[in-house]
Amino acid sequence: MPKTPFLGLEILLHGLFWVLTAWLILSSFSIESIEYTVENGVEHVQVIRNPAVVHQLMATLVLSICLFYSNAYSLLRNYQSEKITTMVILSVLLFLSALLLQSIFVRMSPVLKGPGLQAKMQWAIMGFYFFVSTGYALGRITWKSTIRHKSILLEKKQMELNALRHQLQPHFLFNALNNLLALVDQKQNPKLADAIDQLSLLLRHVVDTRAPIAVSKEIEFVRNYIQVQQLRYAEQEVTVQLEVLGTFDQQPVEPGIFIPFVENAFKHGTEPEAFSRISMQFDLRNRDKILFRISNPIRQAVNTGGTGLKAVIRRLELLYPGSHTLSIDGSSEYLVTLTLSTHEGDHRR
Numbered sequence: 011m012p013k014t015p016f017l018g019l020e021i022l023l024h025g026l027f028w029v030l031t032a033w034l035i036l037s038s039f040s041i042e043s044i045e046y047t048v049e050n051g052v053e054h055v056q057v058i059r060n061p062a063v064v065h066q067l068m069a070t071l072v073l074s075i076c077l078f079y080s081n082a083y084s085l086l087r088n089y090q091s092e093k094i095t096t097m098v099i100l101s102v103l104l105f106l107s108a109l110l111l112q113s114i115f116v117r118m119s120p121v122l123k124g125p126g127l128q129a130k131m132q133w134a135i136m137g138f139y140f141f142v143s144t145g146y147a148l149g150r151i152t153w154k155s156t157i158r159h160k161s162i163l164l165e166k167k168q169m170e171l172n173a174l175r176h177q178l179q180p181h182f183l184f185n186a187l188n189n190l191l192a193l194v195d196q197k198q199n200p201k202l203a204d205a206i207d208q209l210s211l212l213l214r215h216v217v218d219t220r221a222p223i224a225v226s227k228e229i230e231f232v233r234n235y236i237q238v239q240q241l242r243y244a245e246q247e248v249t250v251q252l253e254v255l256g257t258f259d260q261q262p263v264e265p266g267i268f269i270p271f272v273e274n275a276f277k278h279g280t281e282p283e284a285f286s287r288i289s290m291q292f293d294l295r296n297r298d299k300i301l302f303r304i305s306n307p308i309r310q311a312v313n314t315g316g317t318g319l320k321a322v323i324r325r326l327e328l329l330y331p332g333s334h335t336l337s338i339d340g341s342s343e344y345l346v347t348l349t350l351s352t353h354e355g356d357h358r359r
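Its first residue numbered 11, the sequence shown is counted upward by one per residue in the working numbering.
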């Protein structure tokens, strides 16, 4: 079973549950007769129990214990994998298998043979434990989902707080760049003026943008970022092809979600004094899905388990839980394929 912070307490409660319910069942259903006798004016009560019933009840309890934990484990495991149909089918099969085993044991075991507990009563006892097991598993599932949801909210709040803490520096740089642009002679240094202007646009996007934004604006941000990056290289040294397919360019997207992959392409796919080509594509032909691809040659070793990539993956898990796919292939070239579902029901924020 999955570990919990209160494992010791949970084991104790389970033990008390089985002891109390077993005692109640054995003491209540194994009575064959009650004899009252009076001796020297004192009334005596003698409870006579049916040995066959006691044995049958004990066998039923053992099977119920196996059924209880098998069912709970199956529910928890398949729910985590989001296999709801499999979860229901396995639970029903477990219950029916337990009933079948009970019938086989009663017929084959010499200890359990003979007049005793009715089959319907044995099934009722096992059914009771089965439903308690289901309730226990669903309770655990609800508790774990609540904890996970709170953890995600806390982490998102922490990300927002960190973003607010770092907004002062971009604002300062943004104002400083505008001051530098005013000092630059755009006729004598057109490239420098253009570079400062492009960098200023990037900072404005980072500082002023509020999530989510239209993917068209994010694509424009990527274009500006590419222009700034290309200033580092000689003409024709790095060729960047950016292709946009489709017309559904107003789909909402989280700001900066594609930039880490573009940055990675320039970092690992380019090399001074060597021709490099970076290709990227935004497929917007589906109104509820954004397909992004980017490829580059492998000029420098790429650490696929690095902190930067882990941060990107974690951000996708937080912002697009269950509504994104990310594929990274580094065999012949470095190819990243990212699919984002922008349907209102899928993109849960």
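Where is the CB? At the ideal position from N, CA and C, for every residue including glycine.
7 Å CB neighbourhood of residue i in its chain, flanking five on each side removed
i    : result
D293 : L255, G256, L301
F140 : L77, N81, F105
H353 : D298
L5   : What the structure shows of the chain is the stretch from 11 to 359, and residue 5 is not part of that stretch, so it cannot be assessed.
F268 : E228, V232, F302
C-alpha gap between residue i and residue j, whole angstroms
i    : j    : result
R59  : A69  : 16 Å
L345 : V232 : 17 Å
W28  : L328 : 40 Å
A321 : L336 : 13 Å
V272 : A244 : 19 Å
A205 : I157 : 47 Å
P222 : L100 : 41 Å
R238 : D339 : Residue identity check: residue 238 is Val in the sequence provided, not Arg. Going from the Cα of V238 to the Cα of D339 covers about 27 Å.
M131 : R150 : 29 Å
H334 : F276 : 24 Å
M136 : L67  : 10 Å
H65  : H159 : 47 Å
V389 : P61  : It is not possible to answer for residue 389, since the shown part of the chain is limited to 11 through 359.
T95  : V102 : 11 Å
Q208 : P200 : 12 Å
P270 : S286 : 19 Å
Q240 : P262 : 28 Å
L148 : L30  : 22 Å
Other residues of its chain near residue i: CB distance less than 6 Å, five sequence neighbours each side excluded
i    : result
I236 : V250
L22  : none
N274 : none
S289 : Q251, S305
R295 : L255, G256
F182 : Interpretation of F182 is limited by its pLDDT of 49, a score under 50 that renders its predicted location unreliable; the figure taken from the coordinates is listed afterwards. Within the same chain, F182 has no close Cβ partners at all.
Q291 : E253, R303
Contact belief for residue i with residue j at Cβ below 8 Å, rounded distance in angstroms
i    : j    : result
R309 : T280 : 6 Å
E228 : P265 : 6 Å
L71  : I114 : Not really, about 17 Å apart at Cβ, beyond 8 Å.
L361 : K299 : For the chain, the structure presents residues 11 to 359; residue 361 sits outside this window and is missing.
L212 : N234 : 6 Å
L111 : W133 : At roughly 12 Å, the Cβ-Cβ gap does not stay under 8 Å, so L111 and W133 are not in contact.
Q168 : A224 : Contact doesn't hold; Cβ gap of about 27 Å is too wide.
V63  : F39  : 7 Å
Bridge partner(s) assigned by DSSP for residue i
i    : result
F302 : F292, L348
V72  : For V72, which the question treats as bridged, DSSP gives no partner whatsoever.
V64  : Paired residues: none, contrary to the question.
R297 : In the DSSP output, where bridge partners are listed per residue, R297 has none listed.
S286 : V248
P262 : A224
Residue interval of the alpha helix (DSSP H) (run including residue i)
i    : result
I269 : 269-279
Q239 : 225-240
S37  : 17-39
Own chain, CB closer than 8 Å to residue i, minus 5 neighbours either side, in chain order
i    : result
R87  : none
A284 : E247, R309
I162 : L328, P331
M97  : S84, L85, N88, Y89
E165 : L328
Beta strand (DSSP E) segment containing residue i, residue limits
i    : result
H334 : 334-339
T249 : 248-255
Cβ-heavy atom distance, residue i to the ligand GTP, below 6 Å
i    : result
L252 : Absence of the ligand GTP from the depicted structure is noted, as is the absence of any ligand whatsoever, leaving it without description.
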